[in-house]
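Asker: Sharing a structure here in structure tokens format.
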Amino acid sequence: MAGHVESSRNNCALIGAIQTVQAIEGAVPIIHSTAGCGMQQYLGGSLVSGCSGSGYSGGLATPSTNIIEKHVVFGGSSRLREQIKNTLKLVKSDLYVVLSGCATELVGDDVPAMAKEAREQGHPVVYANTPGFRGGTHHGYELAVKALIEQLPALPGAKREKVPGLVTVLGIIPNQDVFWEGNLLELKRILESVGAQANTLFGLGQGVEAWRQLPEAELTLVFSPWGVEGARLLEERYGTPWVDFTTLPVGAEASGFLLETVTERLNLDRSRTAAVLHAEERSLAHFLERVADAYFAYGFQREFALVGESGQVPGLTGFLVNALGLIPGTVIITDNPPEPRRAGITARIRELAPTIDFEVVFTEDSGRIRDVIRQSGAELVLGSFLESEAARDLGAPLVQVSFPVIDRVVLSRSHIGYRGALTLLEDLGSAIVSGQIKRGTAGGSFKTAA
Amino acid sequence: MSLLKGKASKTREKRLNTLSAYMGDIHPLVEGFRKETVSQRIRTFSQSTFDEVIYVLRLLNRIADAVTIIHSPRGCAAAQLYLHATEREGEDGRWAVTNLNERDTIMGSDAKLRETVVSLYRRYRPRLIFIVATPAVAINNDDIQSVVEELREELDVRIVPVYSDGFKSKNAVTGYDVALHALVKYLIVKEQKVRGNYVNLLSVTENASDLETVEGLLKELGLRANILPNRAAPENFVKAAQAKQSISINPDYSDYLGKALESDYGVPFVQPPLPIGINGTYRWLSAIGEATGLKDAVDDLHARESGAVLRLREKAALQGVRVYVNLPAATALGVAAMVEELGGEVAGVTIEHVDSLHEGELAALLARKPGLQIHVAQGQPFEEANILQRTRPDLYVGGLGQQVVAAKLGIPAVSINNTGILGYRGVARFVHLAVKALKNRAFILNLAKNSGLPYADGWRQKSPYWYIKQEVK
Numbered sequence: 001m002a003g004h005v006e007s008s009r010n011n012c013a014l015i016g017a018i019q020t021v022q023a024i025e026g027a028v029p030i031i032h033s034t035a036g037c038g039m040q041q042y043l044g045g046s047l048v049s050g051c052s053g054s055g056y057s058g059g060l061a062t063p064s065t066n067i068i069e070k071h072v073v074f075g076g077s078s079r080l081r082e083q084i085k086n087t088l089k090l091v092k093s094d095l096y097v098v099l100s101g102c103a104t105e106l107v108g109d110d111v112p113a114m115a116k117e118a119r120e121q122g123h124p125v126v127y128a129n130t131p132g133f134r135g136g137t138h139h140g141y142e143l144a145v146k147a148l149i150e151q152l153p154a155l156p157g158a159k160r161e162k163v164p165g166l167v168t169v170l171g172i173i174p175n176q177d178v179f180w181e182g183n184l185l186e187l188k189r190i191l192e193s194v195g196a197q198a199n200t201l202f203g204l205g206q207g208v209e210a211w212r213q214l215p216e217a218e219l220t221l222v223f224s225p226w227g228v229e230g231a232r233l234l235e236e237r238y239g240t241p242w243v244d245f246t247t248l249p250v251g252a253e254a255s256g257f258l259l260e261t262v263t264e265r266l267n268l269d270r271s272r273t274a275a276v277l278h279a280e281e282r283s284l285a286h287f288l289e290r291v292a293d294a295y296f297a298y299g300f301q302r303e304f305a306l307v308g309e310s311g312q313v314p315g316l317t318g319f320l321v322n323a324l325g326l327i328p329g330t331v332i333i334t335d336n337p338p339e340p341r342r343a344g345i346t347a348r349i350r351e352l353a354p355t356i357d358f359e360v361v362f363t364e365d366s367g368r369i370r371d372v373i374r375q376s377g378a379e380l381v382l383g384s385f386l387e388s389e390a391a392r393d394l395g396a397p398l399v400q401v402s403f404p405v406i407d408r409v410v411l412s413r414s415h416i417g418y419r420g421a422l423t424l425l426e427d428l429g430s431a432i433v434s435g436q437i438k439r440g441t442a443g444g445s446f447k448t449a450a
Numbered sequence: 451m452s453l454l455k456g457k458a459s460k461t462r463e464k465r466l467n468t469l470s471a472y473m474g475d476i477h478p479l480v481e482g483f484r485k486e487t488v489s490q491r492i493r494t495f496s497q498s499t500f501d502e503v504i505y506v507l508r509l510l511n512r513i514a515d516a517v518t519i520i521h522s523p524r525g526c527a528a529a530q531l532y533l534h535a536t537e538r539e540g541e542d543g544r545w546a547v548t549n550l551n552e553r554d555t556i557m558g559s560d561a562k563l564r565e566t567v568v569s570l571y572r573r574y575r576p577r578l579i580f581i582v583a584t585p586a587v588a589i590n591n592d593d594i595q596s597v598v599e600e601l602r603e604e605l606d607v608r609i610v611p612v613y614s615d616g617f618k619s620k621n622a623v624t625g626y627d628v629a630l631h632a633l634v635k636y637l638i639v640k641e642q643k644v645r646g647n648y649v650n651l652l653s654v655t656e657n658a659s660d661l662e663t664v665e666g667l668l669k670e671l672g673l674r675a676n677i678l679p680n681r682a683a684p685e686n687f688v689k690a691a692q693a694k695q696s697i698s699i700n701p702d703y704s705d706y707l708g709k710a711l712e713s714d715y716g717v718p719f720v721q722p723p724l725p726i727g728i729n730g731t732y733r734w735l736s737a738i739g740e741a742t743g744l745k746d747a748v749d750d751l752h753a754r755e756s757g758a759v760l761r762l763r764e765k766a767a768l769q770g771v772r773v774y775v776n777l778p779a780a781t782a783l784g785v786a787a788m789v790e791e792l793g794g795e796v797a798g799v800t801i802e803h804v805d806s807l808h809e810g811e812l813a814a815l816l817a818r819k820p821g822l823q824i825h826v827a828q829g830q831p832f833e834e835a836n837i838l839q840r841t842r843p844d845l846y847v848g849g850l851g852q853q854v855v856a857a858k859l860g861i862p863a864v865s866i867n868n869t870g871i872l873g874y875r876g877v878a879r880f881v882h883l884a885v886k887a888l889k890n891r892a893f894i895l896n897l898a899k900n901s902g903l904p905y906a907d908g909w910r911q912k913s914p915y916w917y918i919k920q921e922v923k
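Residue numbers (my numbering), protein chains in the order written: chain A, 1 to 450; chain B, 451 to 923.
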């Protein structure tokens, strides 16, 4: 039985689906639920994800049926029909995605039929049944991706043949990964640097046309458990093979592995890839040299507690341990990955630091997370805003790497790849240094041996 | 008759004929409330907006030493991430969601609720536990009351069930009534003692700056304030029943609390319009002076405190500026009057809801601005976009998430979310905000040039109330 969750950082399927659709340029969700659902997403999904805003038609502008008592009693399908009809007239969009919430699913409204009616009139309307009681944000992402893959071909204009070098990126959940847009841009940048083309599906410049290109990709790259179902579906429908990287790459080692794997699978120019890796590694090495003095002066080498999702944690751990020389104390995974995958994730994390003893915990309960961090005695906490209290109790600096991030603005910054790894190092270093300077403990570094 | 019978308050629609949608002349509206002939409106196109569950959470976040349990799937607790960080001053206050899944919606959720209450109680030993009901449990008619009764025997803690549902009312403000109903019902114990020498200052959503200003004004009058529900401990509720007077800050939001204390505990309630602007602040103080026999002290205070801001009125700081106001009703009407007081012109008003509580203020606005149309909407930026394209104001004053619409149309906009605008001091703060917005429009122009609104080109030719219809019962 799924028990209660203290200070939950995993919202519901509807919220996950809303923000997934809103991250596609020109796509508009139509919420079929009570009035507050869209606002729950805006307050608890967008504003707390590095101060994300309403964008094109999110927040208060999100079309929503706002059902009331009579719809609960007599059914809300006709209200949905009316809302779809009027949304088509009023809100400009390339794709409308009807998303149902708890109330309308409990009542049993026929959402597929209403979407189908509009589609038969030639309008680009698809749907997903996404009541909150069926799962969290991550499941909402899965449901929305599945709905789009399955229903988009039914719309006019879908094709077609494979495009050499084109890869699809799956598993990064808009807003739930606070750095999603920057991370996608960095993936795009590094994949393109070796001659691949990345279809990232979300964010800047990624509209409905990107989704229509899905059949054209040669390969799907999966970066978290939440991209697996979509990748399977693409394989089934379009014969697209997929590679499960299980986690986002952070730093030279993991990014190099990604680029080499893609080069091999797509038969790209190996010498070009080697040159790219070399240049990126040189760049990282250059900046590591620049930070080295501060590394020792302020004591970057700390025992850390890391709180994040299964798509982030192995990648981050690898960089922190194997590039920066930090010591893992506790690693907490919060996104409830499917049970059968947990042993694999744990093993993967442990083998990044085979000689060090540390714990790997799966929990989404913020109370338990706080206990585990406090007991770990960590000298550095990487996690979300919700870990502020535990970090303060330990007197440890907090680096915000996971959802929610409430008191920081995050736009295009990334914590992955090569450049993102440097940004992470800047964030981590700044947290440590400012903690030392504020506390006035930095002066000791100037002393010479007595 | 007691308001406190029944497990939840009535909806605002039933209690005060509250409307959530209207666009048009003020006169028929005022008449309608007077004669009780207003009819409900609905929208045939609508956009997402606050509901009572979010307002319940917003209010409960302001109560000290409490654990809040949101009885729902995880999504209904999402807003709490934001509200706990922004509405609460301290870091205390824990919350949890019962995390209902599909099975719970079929088999019932009382065991899970029970487990959650016991677990949170053992872990934190709070003085109060709130249980917030949500659409899923309301539709399934899950039993909360028997869990509350049972655990009340077992655990040494006040358990307060808040019966929100998210669909019976079209007005989020009902959420404040629902929460206040529960607080008064469960926290006030009937001990008939003598009246204390203090007043209840009813504050629901005021920010720290506004609350400090208002409390300061009462102090100047020599009144000791028992503040609730904002930042209140359970004792504040107990004390509330023995106060000599209740005073509202926002008359819309504290209406239910003031009336419940009056009807059940005999505490007289005065609910003047908000202390916004120089006249508005004086009028608010005068109503209190009248109720507490401190009229002279009020006149002294006014003479003393208003001096600094009278200068702003004299030099007509907003001379010639056409201002559009979109705010909660009582605040909007106060800000509109302040804009006029400062020499500005009211270009239009959108209020979140309207009901018989606004009769007087609406009539006054009508007298000052005959022919002014009023727009009633919580959110619904599509209507706002249409209206703003017609009225083209010089400045837009709005609430959370609303400025972007104006900005994308190239209209300078400000938010009063984090600024204290109440009292004499608030006048200067408001002018400062407005003047800054008018002084440098670079960000607005940038947004307007590069980002558009999502509405079809034909929309601006239609009337803004195109999608508002009379409700057919």
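C-beta atoms are modelled at their ideal positions from N, C-alpha and C, and glycine is treated no differently.
Hey, does Arg-134 (chain A) have any beta-carbon neighbour from chain B nearer than 8 angstroms?
Answerer: yes
Asker: Can you check the region 592 to 629 of chain B for any beta strand (DSSP E) of at least 3 residues that lies completely inside it and give the ranges in chain order?
Answerer: 608 to 612, all fully within the region 592 to 629 of chain B.
Asker: By how many angstroms is the C-alpha of Val-307 (chain A) removed from the C-alpha of Val-927 (chain B)?
Answerer: Shown here, chain B extends from 451 to 923; a query on residue 927 (chain B) therefore has no answer.
Asker: Compare the C-beta of Ala-458 (chain B) against all C-beta atoms of chain A and say whether one is closer than 8 angstroms.
Answerer: no
Asker: Bridge partners of Lys-919 (chain B), per DSSP?
Answerer: In the DSSP output, where bridge partners are listed per residue, Lys-919 (chain B) has B:Ile-492.
Asker: Determine contact between the region 660 to 674 of chain B and the region 617 to 636 of chain B, defined as no fewer than three beta-carbon pairs at a distance below 8 angstroms.
Answerer: Because the criterion of three Cβ pairs below 8 angstroms is not met, the region 660 to 674 of chain B and the region 617 to 636 of chain B do not touch.
Asker: Are there three or more Cβ pairs, one per stretch, closer than 8 angstroms when the region 345 to 357 of chain A is compared with the region 367 to 386 of chain A?
Answerer: The region 345 to 357 of chain A vs the region 367 to 386 of chain A: no contact.
Asker: Am I right that Val-664 (chain B) and Gly-873 (chain B) are in contact with their C-beta atoms under 8 angstroms? What's the rounded C-beta distance?
Answerer: 6 angstroms
Asker: Can you tell me which residues form a DSSP beta bridge with Ala-675 (chain B)?
Answerer: B:Val-649
Asker: For Met-114 (chain A), which residues in chain B fall below 9 angstroms Cβ to Cβ?
Answerer: Result: empty, since nearest Cβ-Cβ is about 15 angstroms, beyond 9 angstroms.
Asker: Can you pull the chain A neighbours of Lys-618 (chain B), defined as C-beta to C-beta under 8 angstroms?
Answerer: Ile-68 and Glu-69
Asker: Along the chain, where does the alpha helix (DSSP H) that runs through His-139 (chain A) open and close?
Answerer: 137 to 151
Asker: Can you confirm whether Gln-515 (chain B), when its beta carbon is compared against all beta carbons of chain A, has any partner nearer than 8 angstroms?
Answerer: According to the sequence displayed, residue 515 (chain B) carries Asp and not Gln. False, the Cβ-Cβ gap to chain A never drops below 8 angstroms.
Asker: What's the C-alpha gap between Val-97 (chain A) and Gln-41 (chain A)?
Answerer: 16 angstroms
Asker: For Val-243 (chain A) and Thr-168 (chain A), what's the separation of their Cα atoms in angstroms?
Answerer: Distance between the alpha carbons of Val-243 (chain A) and Thr-168 (chain A) is about 10 angstroms.
Asker: Check the Cβ of Ala-103 (chain A) against every Cβ in chain B and list those closer than 8 angstroms, keeping chain order.
Answerer: The contacting residues are Pro-585, Ala-586, Ile-589, Gly-616 and Phe-617.
Asker: Of all Cβ atoms in chain B, is any one closer than 8 angstroms to the Cβ of Tyr-56 (chain A)?
Answerer: yes
Asker: Under 8 angstroms between beta-carbons, which chain B residues line up against Gly-122 (chain A)? List them in chain order, please.
Answerer: Per Cβ cutoff of 8 angstroms: no residues; Gly-122 (chain A) is ~17 angstroms from chain B at best.
Asker: In chain B, which residues lie with their C-beta within 7 angstroms of the C-beta of Ile-332 (chain A)?
Answerer: Simply none; closest approach about 18 angstroms.
Asker: Checking 8 angstroms against the spacing of the C-beta atoms, do Cys-37 (chain A) and Ser-78 (chain A) come in under that value?
Answerer: no
Asker: Skipping 5 residues on each side, what residues in its chain have a beta carbon closer than 6 angstroms to that of Asp-501 (chain B)?
Answerer: Gly-616 and Ala-622
Asker: Can you give the Cα-Cα distance for Gly-55 (chain A) and Phe-495 (chain B), rounded to whole angstroms?
Answerer: 20 angstroms
Asker: How about the region 187 to 199 of chain A and the region 261 to 268 of chain A: do they share at least three Cβ pairs that are nearer than 8 angstroms?
Answerer: yes
Asker: When burial is assigned at 16 or more other CB atoms within 10 Å of the CB, is Asp-554 (chain B) buried or exposed?
Answerer: buried
Asker: Around the Cβ of Gln-692 (chain B), are there at least 16 other Cβ atoms within 10 angstroms (buried) or fewer (exposed)?
Answerer: buried
Asker: What residues from chain B crowd round Lys-146 (chain A), counting only those whose CB sits closer than 7 angstroms?
Answerer: Residues of chain B with a Cβ closer than 7 angstroms to the Cβ of Lys-146 (chain A) do not exist; the shortest Cβ-Cβ separation is about 18 angstroms.
Asker: Using the beta-carbon of each residue, which ones in chain B are nearer than 9 angstroms to Phe-385 (chain A)?
Answerer: Neighbours of Phe-385 (chain A) on chain B, chain order: Leu-531 and Ala-535.
Asker: With 8 angstroms set as the bound, which would you pick, yes or no: does the beta-carbon of Pro-404 (chain A) sit closer than that to a beta-carbon of chain B?
Answerer: Chain B has a Cβ within less than 8 angstroms of the Cβ of Pro-404 (chain A).
Asker: Over the uninterrupted beta strand (DSSP E) stretch that includes Asn-267 (chain A), give me the two end residues.
Answerer: Boundaries for Asn-267 (chain A): no beta strand (DSSP E) harbours it, and the DSSP string shows neither H nor E there.
Asker: For Ser-913 (chain B), which three-state DSSP category applies?
Answerer: coil
Asker: Are the region 279 to 296 of chain A and the region 212 to 232 of chain A touching, with three or more C-beta to C-beta distances below 8 angstroms?
Answerer: no
Asker: In whole angstroms, give me the CA-to-CA distance for Gln-22 (chain A) and Ser-52 (chain A).
Answerer: 12 angstroms
Asker: Do Ala-2 (chain A) and Asn-549 (chain B) come within 8 angstroms of each other at the CB atom, strictly closer than that value?
Answerer: yes
Asker: Rounded to whole angstroms, what's the CA-CA distance from Pro-29 (chain A) to Leu-14 (chain A)? Just pull it up for me.
Answerer: 10 angstroms
Asker: Does the separation of the CB atoms of Leu-221 (chain A) and Phe-245 (chain A) fall below 8 angstroms?
Answerer: Yes; because the gap between Cβ atoms is below 8 angstroms, this pair is in contact.
Asker: Could you check what DSSP says for Gln-400 (chain A) in three-state terms: helix, strand or coil?
Answerer: strand
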